[in-house]
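Q: This note's numbering numbers the first residue of the sequence shown as 5 and each following residue consecutively.
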Amino acid sequence: MAVKIRLARRGRKKQAIYDVVIADARAPRDGRFIEKIGIYNPNTDPATIKIDNEKAFKWVMDGAQPTDTVKAMLSYRGVLLRKHLQIGVIKGAITQEEADKKYQAWLDGKESQITGKVEQLAKAKDDAKKAKLEAEAKVNTARAEAIATRKAEAEAANAPAVEEAPEEEAAPEASAEVEVAEEAPAAEEAPAAPVAEEAPAVEEAPAAEEKKED
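(1) At which residue ranges does the stretch 53-81 contain complete beta strand (DSSP E) runs of 3 or more residues, listed in the order of the chain?
(2) Grouping DSSP H, G and I as helix and E and B as strand, with all else coil, what is R16?
(3) Using only alpha-carbon positions, find the residue among R13, D104, E58 that is nearest to N45.
(4) Count the other CB atoms within 10 Å of the CB of G42; is the residue buried (16 or more) or exposed (fewer)?
(5) Quickly, what does DSSP pair Y22 with across the bridge? List them, please.
(6) Between the Cα of M65 and those of I91, Y80, E101, D72, spot the shortest distance and give me the residue it belongs to.
(7) Given that a residue counts as buried once 16 or more other Cβ atoms are within 10 Å of its Cβ, and exposed if not, what is K142?
(8) In the DSSP output, what is Y7 paired with across the bridge?
(9) Just reading off the alpha helix (DSSP H) that G35 is part of, what are its end residues?
(10) Quick check on the burial criterion: 16 or more other C-beta atoms within 10 angstroms. Buried or exposed for R30?
(11) Among the residues of its own chain, which have a CB less than 6 Å from the CB of T71, if the five just before and after it don't count?
(12) Locate the alpha helix (DSSP H) running through I98, then write down its first and last residues.
(13) Tell me the DSSP secondary structure of D131 in three-state form.
(14) Suppose contacts are defined by Cβ-Cβ distances below 8 Å. Is K8 in contact with A20 by that definition?
(15) What is the DSSP secondary structure of D253, reduced to helix, strand or coil?
(16) Excluding the 5 residues flanking R86 on each side, which residues of the same chain have their C-beta closer than 7 Å to its C-beta?
(17) In terms of alpha-carbon separation, which member of L125, Y22, K133, D130 lies closest to P50?
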């Protein structure tokens, strides 16, 4: 029976997660499988790949053929390297101890690389989050300042109208005072009446007396 190592999809449509399974090559893609040996989640950054290396190694040594995607995963996890080293042991090119030592050294280096990448991505994510928060804070500050400025301008525009109202009410009284002040001098002109003093014209009486003397 031809056996394949492939992915079986599950999960939501836009958030799909895949199982790494051992299945009959003739079985449907998401049909029955022989054994599940891992999971693959492409929705994380970096993508999550969890594979049982021992089971995967056993199946590839027994002739199971991985699909292209699974082959890349097995290479990433070191399963194909271990297979290559084990074939060297079988052929007598190296000893089992040397093969195991090389494989372990590769695993240690790979784990350090993966850890470093995860930390780098986490730092980049934190930096992006901080930058976003700072940008939002600046926008909020600018918005608050703009609102305060508009409010101050509105208060300044309304304040003069309220203060001028009493002046307008007092204006009639002021004009009345001016009219009274202007009319007062007319009353003071009354002393002009002494014009009646022209009475001395009566002095013409001597003319009458002269007639009597004649």
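For every residue, glycine included, the Cβ atom is placed at its ideal position computed from N, Cα and C.
Quick caveat: nothing in here was measured; it's all calculated off a predicted structure.
A: With the given structure in hand:
(1) Counting only runs of 3 or more, we get nothing.
(2) Looking up residue 16 in the sequence shown gives position 12. In the structure shown, R16 sits in coil (DSSP, three-state: anything other than H, G, I, E or B).
(3) Locating residue 45 in the sequence shown gives position 41, counting from the first residue. Of R13, D104, E58, the smallest CA-CA separation from N45 is found for R13.
(4) Counting from one through the sequence shown, the residue named residue 42 turns up at place 38. Residue environment analysis places G42 among the buried positions, since at least 16 neighbouring C-beta atoms fall within 10 angstroms of its C-beta.
(5) In the sequence shown, residue 22 corresponds to position 18, counting from 1. For Y22, DSSP records a beta bridge to R13, Y44.
(6) Here residue 65 corresponds to residue number 61 of the sequence shown, with the count starting at 1. Here the closest residue by C-alpha is I91.
(7) To locate residue 142, count along the sequence shown from 1; it is residue 138. Exposed, by the Cβ-count rule.
(8) Residue numbering aside, residue 7 sits at position 3 when the sequence shown is read from its first letter. Residue 7 is actually Val in this sequence, not Tyr. Answer is D28.
(9) Residue numbering aside, residue 35 sits at position 31 when the sequence shown is read from its first letter. It is not in any alpha helix (DSSP H) - G35 carries neither H nor E in the DSSP assignment.
(10) Position 26 of the sequence shown, counted from the start, is the residue given in the question as residue 30. With fewer than 16 other Cβ atoms within 10 Å, it is exposed.
(11) By one-based count along the sequence shown, residue 71 stands at place 67. Cβ within range, chain order: R10.
(12) Position 94 of the sequence shown holds residue 98. Per DSSP, I98 lies in no alpha helix (DSSP H) and is assigned neither H nor E.
(13) What you label residue 131 is simply residue 127 of the sequence shown in a count that begins at 1. DSSP places D131 in the helix class (H, G or I) of the three-state scheme.
(14) Here residue 8 refers to the residue found at position 4 of the sequence shown. Here residue 20 refers to the residue found at position 16 of the sequence shown. Their beta carbons are not under 8 Å apart, which means K8 does not touch A20 by this criterion.
(15) Examination of residue 253 is not possible in this model, given that the chain is present from 5 through 218 alone.
(16) For the purposes of this step, residue 86 is taken as the residue at position 82 of the sequence shown. Cβ within range, chain order: F61, Y107.
(17) If you number the sequence shown from 1, residue 50 lands on position 46. Closest by alpha carbon: L125.
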